[in-house]
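Take a look at the structure below.
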Ligand code: C2E
Ligand code: MG
Ligand code: MG
Ligand code: MG
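Numbering (UniProt numbering), first residue to last: 400 to 681.
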């Protein structure tokens, strides 16, 4: 019986691998069609100054609306696009579209609003594709001191020397660098001192448990004091309740982002919010 079960398990395992490969191939094919059909759109999620409630920054987040399957989340397709290399073309398009939008907002007078873009580790590390991104940046004459590139810890860690050189090249244009999902990677603190980081985005897992009476509250306070010492701005991600927002505000976390403040929205809806940018929560 044991032998039979073992055999079945092996078969099951093989079937899963097969399914997994098919899922990837299918996703990659759909991605190619989506790139050709322009099925992607950028949404923007506000980041507010917690002390005033004012929107100071926007994070661009890609949205894929598939004609028959509907909304496909980035967590499903970004990893596949990174594996296949489709991320490069997608990211170039994202940068160009976001810069066009930034230009529009600047023309409308919203010059002080910072725009944040996520940059895949793949692009950061690829010589040719990183240069493509740089040349896109050169095409636009927007205020790059109000422009942030968000990278994840793993991205930087896979090749620290290269990451430092690339990030400094971005910074020489005035851009700022944010370390995304801070606290979820490893060696976070060591790399904080090595990499030319300006902003840390505290991962939502810390924010979630901030009012649970668990230990994360003290971890956040520790991160905030560390950030103060290193002269870094902290953005708390994933604020979903007023309680979390109040807590973070009270411990002097400077910026916040999350569904409680605003979900990511199309550019037009954001423009509407900016036209009335005093306080976004009561
Ligand atoms: P991220 O950069 O950490 O983005 C924040 C994610 O948290 C977004 O998910 C956002 O919609 C979500 N979020 C915002 N507020 C809340 C909240 O209060 N609660 C919860 N539970 N979630 C919240 P999204 O848009 O699904 O993106 C997931 C990830 O995919 C991003 O994480 C980023 O790593 C990647 N991604 C998204 N857009 C792009 C892009 O244009 N380029 C690249 N390279 N990666 C992207
Ligand atoms: Mg991000
Ligand atoms: Mg994040
Ligand atoms: Mg993330």
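Where is the CB? At the ideal position from N, CA and C, for every residue including glycine.
Burial state of residue i, where buried means 16 or more other Cβ atoms lie within 10 Å
i: residue 431; result: exposed
i: residue 564; result: exposed
i: residue 419; result: exposed
i: residue 519; result: buried
i: residue 499; result: exposed
i: residue 468; result: exposed
i: residue 553; result: exposed
i: residue 621; result: exposed
i: residue 628; result: exposed
i: residue 454; result: buried
Per-residue DSSP class, three states only, for residue i
i: residue 445; result: strand
i: residue 542; result: coil
i: residue 400; result: Caution applies to residue 400, whose pLDDT of 40 falls short of 50 and renders its modelled position unreliable; the value that the coordinates give is listed next. It is coil, neither helix nor strand.
i: residue 600; result: strand
i: residue 624; result: helix
i: residue 495; result: helix
i: residue 669; result: helix
i: residue 438; result: coil
i: residue 575; result: strand
i: residue 631; result: coil
Contact test: residue i Cβ vs ligand 5 heavy atom, cutoff 7 angstroms
i: residue 517; result: Ligands displayed in this structure: ligand 1, ligand 2, ligand 3 and ligand 4; ligand 5 is not among them.
Beta-carbon separation (whole angstroms), residue i vs residue j, contact threshold 8 angstroms
i: residue 545; j: residue 511; result: 7 angstroms
i: residue 446; j: residue 655; result: 7 angstroms
i: residue 659; j: residue 632; result: Contact doesn't hold; Cβ gap of about 20 angstroms is too wide.
Own chain, CB closer than 6 angstroms to residue i, minus 5 neighbours either side, in chain order
i: residue 549; result: 515, 517, 577 and 579
i: residue 440; result: 462
i: residue 551; result: 579 and 580
i: residue 502; result: 541
i: residue 496; result: 441
i: residue 482; result: none
i: residue 566; result: 576 and 595
i: residue 673; result: 509
i: residue 569; result: 548
Endpoints, beta strand (DSSP E) assigned at residue i
i: residue 609; result: From DSSP, residue 609 is part of no beta strand (DSSP E); its letter is neither H nor E.
i: residue 583; result: Unbroken run through residue 583: none, as it is neither H nor E.
i: residue 662; result: From DSSP, residue 662 is part of no beta strand (DSSP E); its letter is neither H nor E.
i: residue 636; result: Segment: none, residue 636 is in no beta strand (DSSP E) and carries neither H nor E.
i: residue 565; result: Not the beta strand (DSSP E): residue 565 falls in the alpha helix (DSSP H), residues 559-570.
i: residue 457; result: 454-465
i: residue 516; result: 513-517
Same chain, Cβ closer than 7 angstroms to residue i, neighbours up to 5 away in sequence not counted
i: residue 505; result: 541 and 542
C-beta neighbour in chain C for residue i, strict 8 angstroms
i: residue 629; result: Given the protein chain composition of this structure (a single chain), no chain C is represented.
Start-to-end residues for the alpha helix (DSSP H) that takes in residue i
i: residue 470; result: Not the alpha helix (DSSP H): residue 470 falls in the beta strand (DSSP E), residues 469-471.
i: residue 507; result: Looking at the DSSP string, residue 507 is not in any alpha helix (DSSP H), and its letter there is neither H nor E.
Beta-carbon contacts of residue i that lie in its chain and below 8 angstroms, excluding the five residues immediately before and after
i: residue 522; result: 486, 487, 490, 528, 529 and 532
i: residue 559; result: 590, 593 and 594
i: residue 647; result: 449, 606, 609, 619, 635, 638 and 655
i: residue 470; result: 462, 463 and 464
i: residue 460; result: 441, 442, 443, 444, 473, 517 and 663
i: residue 626; result: 599, 632 and 633
i: residue 426; result: 475, 476 and 479
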